[in-house]
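**Q** In my numbering, the protein residues as written are 368 to 662.
Beta carbons are placed, not taken as given, at the ideal position from N, Cα and C, and that holds for glycine.
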Amino acid sequence: MQVPAKFEYERADSVPHAIELLARYGPEARVVAGGHSLIPMMKLRLAQPEALIDINGLAELGRIAVEGDELAIGALVRHAELLDSTIATDLFPIFRDAERVIADPIVRNRGTVGGSLCQGDPSEDLSAVFSALRASAVIHGPGGTRTVPIRAFHRGPYETAVGDGELLIQLRVPVTPGTGSAYAKVERRVGDWPVAAAGAVITVRDGVIAQAGIGLTAVGAEHFCAPEAEAFLQGEAPGEEAFAEAARIAAEHCEPHADQRGPADYKRHLAAELTKRALATAHLNVAGSATEGRI
368 MQVPAKFEYE RADSVPHAIE LLARYGPEAR VVAGGHSLIP MMKLRLAQPE ALIDINGLAE
428 LGRIAVEGDE LAIGALVRHA ELLDSTIATD LFPIFRDAER VIADPIVRNR GTVGGSLCQG
488 DPSEDLSAVF SALRASAVIH GPGGTRTVPI RAFHRGPYET AVGDGELLIQ LRVPVTPGTG
548 SAYAKVERRV GDWPVAAAGA VITVRDGVIA QAGIGLTAVG AEHFCAPEAE AFLQGEAPGE
608 EAFAEAARIA AEHCEPHADQ RGPADYKRHL AAELTKRALA TAHLNVAGSA TEGRI
């Protein structure tokens, strides 16, 4: 029988209360929301926190709203809620594309956006999505609130910018007219971790790409992005030739590793092909919108 080690349990009733509890129990405390990553690790005793701080009651972290020129997504938003949110998916189809292929309905009903990002798994889907979107992470702690670019949020496998006593409270995504987005993934079976996946976000002005974002996961891309390919696309006319070259550059600069999901050269091939597909679909999302003001 898999049984966790002994731990204390506290339920936070506000963000300040959660920060207070984290300070009280110290660095061996862990926050729990969906728990799909933490609880299995505790059962196997790969993780043995001294205390669990339950934040499921913090309704203020479960909002999705447009605030000025940004889309704000609370860290406690469930995957299913993000998938069902027309506010988010109409602005950014990449959320719909990705959430449809994350795990299964049971996991999506309880798992949270913030939990997925804070787990820091190198094969995590939403990490690539938010990297492509050039989002920012809002972190609250004893010293107040600070904002970290998502591309500086993940510092390595299972390591993030959230420090001891701090809490990820929100993701903020810039809303820019003339932008399209998409996500493409290959998995061994439905709901599995990706063999490889790519997200793309492009902004088109006056017939050329003003800005591009490419997110890659499961292929060893540092910070889940492909900056060399993004730089190539800037100023290029969107189309098959430009997308193919950007995809080649993205694959060239990632560092996939062979594992049970496939050899490295296969993953590199997928990185190129999925990047090309995601870019093409993102462009269609711009071209197919009623106006260039659609995201």
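May I ask you to verify whether the segment 569-578 touches the segment 464-472, counting CB pairs closer than 8 Å and requiring at least 3?
**A** no
**Q** Could you tell me if G523 is buried or exposed, where buried requires 16 or more neighbouring beta carbons within 10 angstroms of its beta carbon?
**A** exposed
**Q** What is the C-beta distance between F591 and A495, in whole angstroms, given that I count them as a contact (C-beta under 8 Å)?
**A** 5 Å
**Q** I need the boundaries of the alpha helix (DSSP H) containing Q486, first residue and last residue.
**A** From DSSP, the alpha helix (DSSP H) with Q486 extends over 480-486.
**Q** Please state the DSSP three-state secondary structure of I454.
**A** When secondary structure is reduced to three states using DSSP, I454 falls in the helix class.
**Q** Give the straight-line distance between the Cα atoms of G510 and E417, rounded to the nearest whole angstrom.
**A** Going by the C-alpha atoms only, they are around 23 Å apart.
**Q** So A671 packs on L583, CB below 8 Å; how close in whole Å?
**A** Outside the shown range of the chain (368 to 662) lies residue 671, about which nothing can therefore be said.
**Q** Where does G549 sit, in a helix, a strand or coil, going by DSSP?
**A** Sequence inspection shows Ala at residue 549; the Gly mentioned does not correspond to that position. Looking at A549 - three-state DSSP - the assignment turns out to be strand.
**Q** Quick one: using the 10 Å Cβ neighbour count with 16 as the cut-off for buried, is Q415 buried or exposed?
**A** exposed
**Q** State yes or no: is the C-beta of R539 within less than 9 Å of the C-beta of I440?
**A** The Cβ-Cβ distance between R539 and I440 falls below 9 Å.
**Q** Can you tell me where the alpha helix (DSSP H) holding H507 begins and where it ends?
**A** H507 -> not in any alpha helix (DSSP H); beta strand (DSSP E) instead, spanning 503-508.
**Q** Less than 7 Å between C-beta atoms, sequence neighbours within five positions excluded: which residues of the same chain meet that for V562?
**A** V553, E554, R555, A585, R628, G629, K634, L637
**Q** Would you grab the beta carbon distance between S548 and P460 for me? Rounded to a whole angstrom, and I think it's under 8 Å.
**A** 6 Å
**Q** Relative to the C-alpha of E427, which residue among E437, F462, P383, A390 is closest?
**A** P383
**Q** Just mark E533 as buried or exposed, buried being the case when its beta carbon has 16 or more other beta carbons within 10 Å.
**A** buried
**Q** For Y525 and G602, what's the separation of their Cα atoms in angstroms?
**A** 35 Å
**Q** From P371 to I454, what distance separates their C-alpha atoms?
**A** Here the C-alpha atom of P371 lies approximately 39 Å from the C-alpha atom of I454.
**Q** Using 9 Å as the threshold, is the C-beta distance between T527 and G401 below it?
**A** no
**Q** Counting only the same chain and skipping the five closest in sequence on each side, list residues whose C-beta sits under 7 Å from that of E437.
**A** Here the set comprises R539, V540, P541, V542.
**Q** What does the alpha-carbon distance come out to for the pair E377 and D421?
**A** 6 Å
**Q** According to DSSP, simplified to helix, strand and coil, what is E554?
**A** strand
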